[in-house]
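Residue numbers (this note's numbering): -14 to 90. Ideal placement from N, C-alpha and C gives every residue a C-beta, glycine not left out. Presented below is the structure to which this report refers.
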Amino acid sequence: MTRTNVAERLNLAVSTATKMCPQLAGRRISPHTWRHTTAMHLLQAGVDLTVIALWLGHESPVTTHGYVEADMGMKERALAAITPPATQHKRYRPTDALLQFLESL
């Protein structure tokens, strides 16, 4: 199937969908938009990034990493899932002997 054919079939599907969902009228939905949206939904559903990269035909998962960067919701959930460490931060205080040694250098 050619790119043009994919675009034409998508336009037909969007026309049909617009009859049931008028909010789609006037929106530009390209094959790339559809592909990107599908990849984002897969990522949000917990599908591994390497699987999505293979599905999209990306040569490297690094290319697909942009999808992770684009999803603020996933970032917020990741931050909410971690808890701060129970340890207290202590400031380092060098001993007098160490300070004397360093001053002698």
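Alpha-carbon spacing of residue i relative to residue j, whole angstroms
i	j	result
A34	K75	In the sequence as displayed, the identity of residue 34 is Leu instead of Ala. So the two alpha carbons sit approximately 39 Å from each other.
Q85	R78	13 Å
W40	L64	28 Å
Limits of the unbroken alpha helix (DSSP H) element including residue i
i	result
A24	16 to 29
Y52	46 to 55
L87	81 to 89
T3	-12 to 5
V36	34 to 41
Residue i classed as buried or exposed, judged by whether at least 16 other C-beta atoms fall within 10 angstroms
i	result
A38	buried
L87	exposed
L83	exposed
Spell out a yes or no on whether the stretch 16 to 30 and the stretch 44 to 57 are touching, meaning 3 or more CB-CB pairs, one atom from each, closer than 8 Å. yes
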